[in-house]
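Participant: Okay, handing you the structure first.
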Amino acid sequence: MVFVEDIGKTLGHVHGACYNTGGRCIHAGCDRVIGSKKKFDKCMVCGGDNSACQYAVFLSARYGYNDVVTIPVGATHILIRQSSGSSSASDGIYLALRRRDHSYALNGNYVLAPSEQDVHLHSGSVLRYSGATKAVETIVGRGPLKEPLTLQALVVTDQKTPRLKYTFFVPKAPKRLSDQWLKQKARILEVLRSRRGHK
14 MVFVEDIGKT LGHVHGACYN TGGRCIHAGC DRVIGSKKKF DKCMVCGGDN
64 SACQYAVFLS ARYGYNDVVT IPVGATHILI RQSSGSSSAS DGIYLALRRR
114 DHSYALNGNY VLAPSEQDVH LHSGSVLRYS GATKAVETIV GRGPLKEPLT
164 LQALVVTDQK TPRLKYTFFV PKAPKRLSDQ WLKQKARILE VLRSRRGHK
C-alpha cells in the first residue's frame with residue numbers, strides 16, 4: 014500500500030487527489046492511498062455510504078429577526094437558500110448567521126453584506142455567501158463545521174411569504190453499547206484474568 018506522502022507534490026483534489034510523479038498524474042482516494050477509489054460521502058466520511066448521515070430541511074420562516082435552526086458541529090454539505098420569488102433583488106427577507114456567543118458571522122444587527130463574499134468562522138471553517146442583493150440569497154459550505162451556527166431569517170416586510178430552505182448533513186451518533194453487553198464483556202475479561210493467574 015503506497016500513501017501519497019511517499020510520492021510527489023499534490024496538484025489538487027476534490028474527492029481524492031492527483032499527485033505529480035515526474036509529469037504523470039497518479040490518482041489517490043480520499044484515504045490518500047494510491048489507486049484507491051474511495052470518496053467522501055455527504056457527511057465527509059471517507060469511503061462512507063451516507064448511512065451515518067442525518068438529513069434536515071426547513072421550508073418556512075416567521076416574521077421578524079428570528080432563529081430558524083442551529084446548524085451543529087460536524088454539519089457538512091450546507092446549502093441555505095432564500096428566494097425572493099421574482100427577479101427582484103430584494104424582498105425584505107435576509108439570511109443571517111449567529112455564533113454561540115451571540116456575535117454574528119453574517120448579517121447581524123441589521124447590517125447586511127450586499128455582495129458575494131467568504132464568511133470566515135472563528136474555527137477556521139469558511140462558508141460562501143451570495144450577497145443580500147441577489148434574487149436568490151445563498152449560503153453554501155462543504156464543512157464539516159467546527160462550531161455551531163444559528164441560522165436566522167431577518168424579515169423586514171410582510172408583503173411576501175418567506176421562501177427559506179436549508180439542507181445539511183450531520184453524522185449520526187455511534188450506537189451506544191447496551192448495559193447487558195458491557196456486563197457480559199466485564200465477566201469475560203474477569204474469567205480471562207483469573208485463568209492467567211492460575212498459570
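Position 38 of the sequence shown, counted from 1, bears residue number 51 in my numbering, the numbering being contiguous throughout. Beta carbons: idealized from backbone N, C-alpha and C, even for Gly.
#1: Say whether the segment 111-130 touches the segment 155-172, bearing in mind that this needs 3 or more beta-carbon pairs closer than 8 Å, one atom from each stretch.
#2: Within the chosen definition, does the segment 142-157 reach the segment 90-97 through at least 3 CB pairs nearer than 8 Å?
#3: Using the C-alpha atoms, what's the distance from Val132 back to Leu140?
#4: Would you mind working out which of Ser143, Asp104, Arg176, Val204 sits nearest Thr214, comparing C-alpha positions?
#5: How would you write the range of the beta strand (DSSP E) that Arg94 sits in, first residue to last?
#6: Report the start-end ranges of each beta strand (DSSP E) in the segment 118-168 that is 3 residues or longer and not cut off at the edges.
#7: Which term fits Glu127, buried or exposed, when burial requires 16 or more other beta carbons within 10 angstroms of its beta carbon?
#8: Have a look at Glu160 and Arg209 and give me their C-alpha separation to the nearest angstrom.
#9: Over what stretch of residues does the beta strand (DSSP E) that includes His115 continue unbroken?
#10: What do you get for Cys38, buried or exposed, if any count of 16 or more other CB atoms within 10 angstroms of its CB means buried?
#11: What residue does the beta strand (DSSP E) around Gly42 start on, and which one ends it?
#12: Give me the Cα-Cα distance between Gly121 and Cys43, rounded to the nearest whole angstrom.
#13: Can you name, in chain order, every residue of its own chain whose Cβ lies under 6 Å from the Cβ of Glu129, other than the five neighbours on each side?
Facilitator: Inspection of the coordinates gives the following:
#1: yes
#2: When C-beta atoms of the segment 142-157 are compared with those of the segment 90-97, three or more pairs fall below 8 Å, so the two segments count as touching.
#3: By 1-based counting over the sequence shown, the position of residue 140 is 127. By 1-based counting over the sequence shown, the position of residue 132 is 119. Cα-Cα distance, rounded: 5 Å.
#4: Outside the shown range of the chain, which is 14 to 212, sits residue 214, and nothing can be said about it.
#5: Along the sequence shown, read from residue 1 onward, the residue named residue 94 stands at position 81. Counting along the chain, the beta strand (DSSP E) containing Arg94 begins and ends at 89-96.
#6: 130-133, 139-142, 149-154, 162-168
#7: As a working mapping, residue 127 is identified with position 114 in the sequence shown. Note on residue identity: the sequence assigns Pro, not Glu, to residue 127. By the neighbour-count rule (16 or more Cβ atoms within 10 Å), Pro127 is not buried but exposed.
#8: Locating residue 160 in the sequence shown gives position 147, where the first residue counts as 1. Locating residue 209 in the sequence shown gives position 196, where the first residue counts as 1. Taking the straight line from one Cα to the other gives about 48 Å.
#9: Counting from 1 along the sequence shown, the entry for residue 115 is found at position 102. In the DSSP assignment, His115 falls outside any beta strand (DSSP E) and carries neither an H nor an E.
#10: As a working mapping, residue 38 is identified with position 25 in the sequence shown. With fewer than 16 other Cβ atoms within 10 Å, it is exposed.
#11: Taking the first residue of the sequence shown as 1, we reach residue 42 at position 29. Its beta strand (DSSP E) spans residues 38-42.
#12: Sequence index remark: in the sequence shown, residue 121 carries index 108 (1-based). Sequence index remark: in the sequence shown, residue 43 carries index 30 (1-based). Gly121 and Cys43: Cα-Cα distance of roughly 37 Å.
#13: The residue given as residue 129 occupies position 116 in the sequence shown. So the qualifying residues of the chain are Ser143, Gly144.
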